[in-house]
Every structure is written in C-alpha cells, then in structure tokens.
Amino acid sequence: MKLSHFVKGLKHGIPIFLGYLSVSFGFGILAVKSGLSVTEAAAVSLFNLTSAGQAAGVGIIAAGGSLAEMVLSQLIINLRYSLMSLSLSQKLDKSFNLPRRLLVSYGITDEIFIMAAVQPGRITPWYMYGIILVSTVGWVLGTVLGAAAGTVLPAAVSDALGIMLYGMFIAIIIPPAKKEKSVLAGVLLAAGASAVLYCFAPFISSGFAVIICAVAAAAVCAAFFPKETADTVKDGEGT
Amino acid sequence: MSIVIYIAVMAGVTYLIRMIPLTLVRRQIKSRFINSFLYYIPYTVLSAMTFPAIFNSTGDIITSSVGTVTALILAYVGMPLIVVALAAAGSAYLAGFIITLF
C-alpha cells in the first residue's frame with residue numbers, strides 16, 4: 001500500500017463527496033417517494049453508485065416494470081461508463097492486476113473518472129481506492145439522510161427537493177450544449193422525442209421511452225455530426 | 001416482485017458495464033460512428049430522462065416549471081451542479097409558498 005497515493009485520492013474525493021452528499025439527498029427523497037425503504041434506498045446507492053441509472057431504476061421499481069426493462073435501461077443509461085472504463089484502462093499503472101481492476105471497476109462514475117483522467121501520468125490502485133472510498137461514503141450517506149428526511153420533512157419541502165436530481169442533470173447538459181451545436185441538437189431531439197412519446201404513446205413505460213429517445217437522438221447526431229476518434233489517454237511521467 | 005431482485009439486477013448490469021472494458025478491452029474503439037454515438041449518449045439520456053419528467057417532479061406543474069426555468073438559467077450562466085440543483089429546489093419551494101398565499 002502506498003499511503004501517499006491513498007491520501008491523495010482521499011483529498012481529491014472531498015469535492016466529489018460534497019457534491020454527492022447533496023445530490024444523493026435528492027435521490028433518497030425520490031427513492032422513498034417511489035416506495036423504497038431507507039435501507040433499500042441505501043442499498044441501491046451502495047451497489048450502483050450512479051445518479052441517472054438509479055433514478056430510472058427506482059422509477060421502474062415503482063411502476064412494477066419487468067426485469068428486461070431494468071436490464072435494458074441500465075445498459076443504455078450507464079453505457080457511458082464503458083467508454084470511461086475503456087479510456088481509464090489505458091491509464092492504469094502496471095500494478096493493476098485482475099483483482100485490483102475488478103475492485104476499481106466498482107467506482108467508475110462521471111466525476112471519479114474525470115478526476116482520475118485529468119491526473120498527469122499513470123494512476124495507482126491506492127489513489128483510486130482513496131477517491132472511490134470518499135465519494136461512495138458521500139453518496140450513501142446523502143441517500144440515507146435524504147430517505148430519512150423525506151419521511152420527516154414537511155411535504156412542501158420534500159416535494160420541492162424532488163426536482164434536485166433533475167436540476168443537476170440540467171446543470172450537466174446545458175454547458176456542453178451551449179458550447180457545441182451538435183450536443184444541443186441531441187439534447188433537443190431527445191427532449192422533444194421524450195415529450196412526444198409521453199403525450200401520444202403513454203402505453204410505453206418511462207424506462208423504455210428514455211432508451212428509445214436517447215438511442216435515436218444519439219444515432220441521428222452520430223450520423224450527422226460525427227466526432228473525431230476519442231483522444232487516447234496521454235502517456236505521462238507517472239504519478 | 002421483490003425489490004431485492006430488482007436491486008441485484010440493477011447493480012449486476014451496472015457493474016458489468018464498468019468491469020468488462022476495464023478488465024478485458026485494451027484497444028481503442030475504431031468505429032467513428034460508435035465513438036460519436038457514445039459521445040452523445042450521456043447528453044441524450046439525461047435530456048430524455050429530464051424532459052418531460054421534471055414537470056412532474058414536485059407534484060405540481062407550476063412550481064416544477066419555476067424550478068426548471070431557474071435551473072436552465074443558472075446552468076446557462078455556468079453555475080456549479082450543487083448550486084443549480086439547490087436553486088431549482090429553492091425556487092420551486094418559494095413558488096409553492098407564494099401560491100399558498102393566494
């Protein structure tokens with residue numbers, strides 16, 4: 001164990017911890033509203049560590065959806081992690097054997113990936129353990145607090161907090177949409193298609209509607225606005 | 001169906017998505033279409049999940065709309081995630097409070 005790497009990971013995880021604490025608070029409320037207990041909500045957060053996938057997942061649970069729908073929705077919504085894992089796989093240092101890769105796979109989230117990806121050079125297992133540990137504690141703790149508070153808070157407050165997770169999603173998609181017309185096109189196409197399905201095809205469950213709209217919009221954008229091949233991870237001096 | 005089964009399936013799929021590329025795939029994806037598709041997917045997923053669901057998120061279309069507009073404006077001027085999320089909830093709460101006054 002490299003203590004300095006672990007401590008560095010813990011430190012880099014602190015801003016993620018704070019962000020996760022507040023956002024997963026919103027998820028906790030959403031989960032309880034969808035009929036999950038505090039323990040179940042905490043288990044979802046501990047075993048999934050992902051915002052959009054979890055929000056869709058509890059929606060499917062609440063609606064009594066099929067397992068096929070659950071598998072497909074998680075596959076589509078969380079597919080981006082594959083690309084992050086792929087990118088990260090080429091940035092890992094030589095001490096990453098199979099068990100260590102299996103362990104770190106648990107904690108590939110948007111924020112953790114970005115934090116690790118911008119580090120100069122190779123990344124070490126203990127750096128990843130540090131950052132994943134702090135972030136996970138924030139995510140689960142926020143969920144528990146939100147789920148517990150959701151049952152105690154006045155209805156007006158917990159109702160208003162129901163919008164938090166969506167607010168975060170907006171904060172993620174708007175800045176890149178502002179910068180790139182193609183992303184804006186994808187966002188508008190997906191939102192438009194989703195609204196059309198909601199109004200005119202209410203028999204399609206919300207999980208499948210998200211999959212259909214997201215895949216269609218991304219495919220249209222990929223066809224009309226193809227991106228250059230993703231940058232390879234820079235090979236630096238090593239951390 | 002038991003919630004435990006749902007959670008297990010959810011967690012299993014999510015883990016495999018992260019684990020398979022990190023352990024097995026070592027080469028870059030070459031297809032330009034697939035790369036582009038994967039680039040756009042996070043944004044289209046979040047967008048399709050948010051709209052129109054956000055307008056039901058507080059249980060009231062007026063307070064949800066106030067929160068949505070607040071979030072859009074703050075995100076547009078580049079506020080951090082936490083600020084946007086909290087302000088959306090705060091403005092939806094205020095809107096609800098003002099409505100009860102009338």
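Protein sequences, first through last, are from chains A and B. Mapped onto my numbering, the consecutive letters of the first sequence carry residue numbers 1 to 239. Mapped onto my numbering, the consecutive letters of the second sequence carry residue numbers 1 to 102. Here a beta-carbon is modelled for each residue, glycine too, at the ideal position from N, C-alpha and C.
Name the DSSP bridge partner or partners of residue i?
{"i": "Ile123/A", "result": "Leu92/A"}
For the alpha helix (DSSP H) that contains residue i, what are its first and last residues?
{"i": "Met164/A", "result": "164-179"}
{"i": "Ser2/B", "result": "No alpha helix (DSSP H) holds Ser2/B; DSSP gives it neither H nor E."}
{"i": "Lys2/A", "result": "No alpha helix (DSSP H) holds Lys2/A; DSSP gives it neither H nor E."}
{"i": "Tyr84/B", "result": "Note that residue 84/B is Val in the sequence shown here, rather than Tyr. Start and end: 81-101."}
{"i": "Ser73/A", "result": "67-77"}
{"i": "Phe47/A", "result": "38-48"}
{"i": "Asn35/B", "result": "32-50"}
{"i": "Ile60/A", "result": "51-63"}
{"i": "Thr63/B", "result": "61-76"}
{"i": "Pro99/A", "result": "98-105"}
{"i": "Val118/A", "result": "Neither: Val118/A is in no alpha helix (DSSP H) and is coded neither H nor E."}
{"i": "Ser34/A", "result": "No alpha helix (DSSP H) contains Ser34/A, which DSSP labels as neither H nor E."}
{"i": "Leu161/A", "result": "155-161"}
From this set, the options, which residue's C-alpha is nearest residue i's C-alpha?
{"i": "Tyr20/A", "options": "Ala85/B, Ala92/B, Ala95/B", "result": "Ala85/B"}
{"i": "Ala223/A", "options": "Ile98/B, Val69/B, Ile62/B, Ser31/B", "result": "Ser31/B"}
{"i": "Gly138/A", "options": "Glu180/A, Gly13/A, Pro125/A", "result": "Gly13/A"}
{"i": "Phe113/A", "options": "Leu83/A, Leu141/A, Ala55/A", "result": "Leu83/A"}
{"i": "Val7/A", "options": "Pro125/A, Lys227/A, Leu30/A", "result": "Pro125/A"}
{"i": "Ser51/A", "options": "Asn56/B, Phe51/B, Val45/B", "result": "Val45/B"}
{"i": "Ser95/A", "options": "Ile204/A, Val23/A, Ser34/A, Ile123/A", "result": "Ile123/A"}
{"i": "Lys91/A", "options": "Leu102/A, Pro120/A, Leu103/A", "result": "Pro120/A"}
{"i": "Ser87/A", "options": "Leu184/A, Phe169/A, Val118/A, Ala31/A", "result": "Val118/A"}
{"i": "Tyr81/A", "options": "Leu98/A, Val210/A, Ala62/A, Gly53/A", "result": "Gly53/A"}
{"i": "Val13/B", "options": "Val58/A, Asn78/A, Ala177/A, Ile211/A", "result": "Asn78/A"}
{"i": "Tyr15/B", "options": "Lys227/A, Val44/A, Ser4/A, Leu3/A", "result": "Val44/A"}
{"i": "Phe169/A", "options": "Leu81/B, Ile98/B, Ala95/B", "result": "Leu81/B"}
{"i": "Pro21/B", "options": "Leu165/A, Asn97/A, Val215/A, Ser89/A", "result": "Ser89/A"}
{"i": "Ser135/A", "options": "Leu10/A, His5/A, Ser4/A, Lys2/A", "result": "Leu10/A"}
{"i": "Ala191/A", "options": "Phe97/B, Val69/B, Tyr43/B", "result": "Tyr43/B"}
{"i": "Leu184/A", "options": "Ser47/B, Val4/B, Thr58/B", "result": "Ser47/B"}
{"i": "Ala56/A", "options": "Gly146/A, Leu72/A, Tyr127/A", "result": "Leu72/A"}
{"i": "Val104/A", "options": "Thr23/B, Ala53/B, Gly78/B, Thr58/B", "result": "Thr23/B"}
{"i": "Leu141/A", "options": "Leu3/A, Ser4/A, Lys2/A, Leu18/A", "result": "Leu18/A"}
{"i": "Cys213/A", "options": "Gly26/A, Leu188/A, Ala62/A, Pro15/A", "result": "Leu188/A"}
Tell me whether residue i is buried or exposed, calling it buried when 16 or more other Cβ atoms sit within 10 Å of its Cβ.
{"i": "Thr63/B", "result": "buried"}
{"i": "Ser206/A", "result": "buried"}
{"i": "Thr143/A", "result": "buried"}
{"i": "Phe203/A", "result": "exposed"}
{"i": "Ser91/B", "result": "buried"}
{"i": "Lys245/A", "result": "With chain A running from 1 to 239 in the structure shown, residue 245/A is simply not present."}
{"i": "Pro154/A", "result": "exposed"}
{"i": "Asp231/A", "result": "Caution applies to Asp231/A, whose pLDDT of 46 falls short of 50 and renders its modelled position unreliable; the model cannot decide the point."}
{"i": "Glu40/A", "result": "buried"}
{"i": "Ser2/B", "result": "exposed"}
{"i": "Ile99/B", "result": "exposed"}
{"i": "Ile17/B", "result": "buried"}
{"i": "Leu102/A", "result": "exposed"}
{"i": "Thr151/A", "result": "exposed"}
{"i": "Asn48/A", "result": "buried"}
{"i": "Val104/B", "result": "Since the displayed chain B opens at 1 and closes at 102, residue 104/B lies outside it and no answer follows."}
{"i": "Val69/B", "result": "exposed"}
Legend entry - alpha helix (DSSP H) runs wholly inside the region 176-222 of chain A, at least 4 long, in chain order: 181-200
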